[in-house]
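Read through the structure below, which is laid out as structure tokens, and then see the notes.
Numbering (my numbering), first residue to last: 36 to 495.
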């Protein structure tokens with residue numbers, strides 16, 4: 036049995052690693068923002084300052100991609116809104132293709148009232164089509180009190196505020212089971228070369244090193260984005276996100292070639308190539324943490340939300356059995372990619388009713404954030420939220436670093452693109468990178484496919 040001293044050492048290293056990587060997530064941009072927002076109630080420190088209307092008898096439908104524990108935790112926050120307003124809120128799962136789901140609902144005349152969008156590119160698409168209503172005065176008051184300019188700007192289109200970011204994500208973390216690391220005698224890698232070397236040593240010790248959720252194309256885009264940001268740098272990252280350079284660019288060649296150092300070695304993947312392509316995101320996590328002493332894999336890459344799956348579906352203890360380290364540096368700097376989910380009101384008339392506006396205001400308050408944060412597996416971009424509401428030091432450290440660092444950050448690349456390219460099953464980045472996982476030797480073919488799909492999605 037691992038000693039308590041060893042567990043404590045691992046926990047300390049985990050917190051330090053997360054602090055380091057999260058501190059890079061947002062780099063201060065000199066906005067003059069001291070993070071001392073006063074709205075929303077302070078996350079449980081006293082009476083809420085948010086006054087919500089009486090919505091007795093009003094039914095609201097909210098749609099989001101979340102399932103399982105994430106859905107349950109979100110609805111726990113929504114229950115607070117129901118208790119305080121008398122509204123009845125129903126949750127509808129969208130599946131991964133949110134844009135398709137909402138488009139079909141609008142065409143059928145029964146759109147949801149509020150949608151949580153995981154892609155900022157989709158917010159721009161919807162706003163451009165006239166499907167969204169701007170946030171009202173009540174929600175704007177909460178945003179001004181509780182959010183920095185960076186997160187507000189992500190929810191805006193052409194200078195108009197349409198969205199409220201309720202959930203943030205650090206998507207540059209690799210989680211690992213401490214047992215196979217100890218068996219193999221390896222330490223946390225800091226560079227990509229060290230990561231591949233560590234994976235090889237873990238494999239040689241008898242445990243498949245890396246669990247890849249290749250059945251979900253979005254996880255593969257995150258692998259690519261971290262490598263590209265670190266290797267090509269933030270300026271090129273921004274240009275590729277805007278399709279100012281083609282996907283046939285040499286910088287993309289280099290990033291895919293680097294990714295092939297892992298994907299091209301089936302012995303480093305849990306279940307080999309076929310196994311990776313059949314594994315969805317939740318199972319990619321449980322392969323690492325369900326059996327702590329004899330896991331199906333030693334490591335899994337994904338964001339801070341991995342913690343929800345660990346807590347909900349395994350007996351692993353975050354900070355002890357389950358540890359985390361920053362995505363390794365490929366270039367001069369380790370990458371940090373951020374993501375998030377933005378709440379928008381659907382209204383073809385261009386105006387949201389009182390209930391929709393009240394729900395957006397609630398999502399922008401500390402009241403909603405506190406309920407979700409205390410349940411774990413969640414980081415809020417709300418700067419007024421009391422960090423003490425987070426359930427452990429690991430999540431508390433991630434949240435504090437996110438807030439303290441400022442507003443200048445790199446958002447998930449695929450989430451910035453049109454949904455047809457960055458967020459749709461069977462096409463675009465999702466399909467292109469699944470094909471690449473299937474055949475990592477075909478770098479040129481992957482690039483040609485991605486460029487063709489991007490040109491079509493951007494209307495070029």
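Even for Gly, the Cβ is constructed at its ideal location relative to N, Cα and C.
Three-state secondary structure (DSSP) at residue i?
i           : result
residue 336 : strand
residue 69  : Low local confidence applies: a pLDDT of 41 at residue 69 is under 50, so the model's placement there is unreliable, with the coordinate-based value given in what follows. Residue 69 falls in the coil class under three-state DSSP.
residue 352 : coil
residue 56  : Interpretation of residue 56 is limited by its pLDDT of 40, a score under 50 that renders its predicted location unreliable; no figure is taken from the coordinates.
residue 98  : strand
residue 262 : helix
residue 246 : strand
residue 212 : strand
residue 429 : helix
residue 81  : Residue placement at residue 81 is flagged as unreliable, the pLDDT there being 39, under the threshold of 50; a coordinate-derived value is accordingly withheld.
residue 487 : helix
residue 108 : helix
residue 314 : coil
residue 151 : strand
residue 135 : helix
residue 468 : helix
residue 479 : helix
residue 367 : coil
residue 87  : coil
residue 64  : For residue 64, the predicted structure reports a pLDDT of 34, less than 50, and the residue's modelled location is therefore unreliable. The matter cannot be settled from this model.
residue 36  : Low local confidence applies: a pLDDT of 34 at residue 36 is under 50, so the model's placement there is unreliable, with the coordinate-based value given in what follows. Note: residue 36 maps to coil in three-state DSSP.
residue 413 : coil
residue 305 : coil
residue 281 : coil
residue 128 : strand
residue 327 : coil
residue 221 : coil
residue 291 : helix
residue 445 : coil
residue 158 : helix
residue 74  : Caution applies to residue 74, whose pLDDT of 44 falls short of 50 and renders its modelled position unreliable; the value that the coordinates give is listed next. It is coil, neither helix nor strand.
residue 239 : helix
residue 422 : helix
residue 494 : coil
residue 386 : coil
residue 342 : helix
Thinking just about the alpha-carbon of each residue, which of the options is nearest to the one in residue i?
i           : options               : result
residue 296 : 476, 436, 215 and 424 : 476
residue 168 : 383, 394, 450 and 419 : 383
residue 424 : 413, 432, 405 and 415 : 405
residue 331 : 277, 302, 409 and 342 : 302
residue 427 : 463, 436, 412 and 437 : 412
residue 8   : 465, 470, 481 and 453 : Past the boundaries of the shown model lies residue 8; the chain is included only from 36 to 495, so the question cannot be answered.
residue 179 : 355, 419 and 433      : 419
residue 328 : 219, 143, 289 and 104 : 219
residue 366 : 227, 277 and 473      : 227
residue 316 : 145, 299, 307 and 345 : 345
residue 496 : 233, 358 and 304      : The question about residue 496 has no answer here: the residues shown for the chain are numbered 36 through 495.
residue 90  : 385, 99, 208 and 124  : 124
residue 195 : 379, 433 and 407      : 379
residue 286 : 264, 298 and 493      : 264
residue 496 : 305, 120 and 445      : Outside the shown range of the chain (36 to 495) lies residue 496, about which nothing can therefore be said.
residue 352 : 474, 430 and 187      : 430
residue 160 : 309, 118, 192 and 362 : 192
residue 439 : 105, 182, 141 and 176 : 182
residue 445 : 417, 375, 164 and 478 : 375
Across which residues does DSSP place residue i in a beta bridge pair?
i           : result
residue 167 : 381
residue 457 : According to DSSP, which records beta bridges pairwise, residue 457 is partnered with nothing at all.
residue 123 : 94
residue 359 : 210
residue 376 : 202
residue 192 : 195
residue 22  : There is no way to answer for residue 22, as the model of the chain reaches only from 36 to 495.
The alpha helix (DSSP H) that contains residue i, what's its start and end?
i           : result
residue 401 : 401-408
residue 274 : 269-276
residue 226 : Here residue 226 belongs to no alpha helix (DSSP H), and DSSP marks it neither H nor E.
residue 176 : 172-181
residue 397 : 389-398
residue 449 : 448-451
Legend entry - Contact between the region 448-463 and the region 247-266 (3+ Cβ pairs under 8 angstroms): yes
Legend entry - Touching by the beta-carbon criterion (3+ pairs, under 8 angstroms), the region 94-111 and the region 135-150: yes
Legend entry - Sufficient close CB pairs (3 or more, under 8 angstroms) joining the region 478-492 to the region 460-470: yes
Legend entry - the region 264-284 / the region 208-223 touching (three or more Cβ pairs under 8 angstroms): no
Inset, instruction - Specify whether the region 110-117 and the region 337-344 touch according to this definition: at least 3 beta carbon pairs, one from each stretch, less than 8 angstroms apart. - result: no
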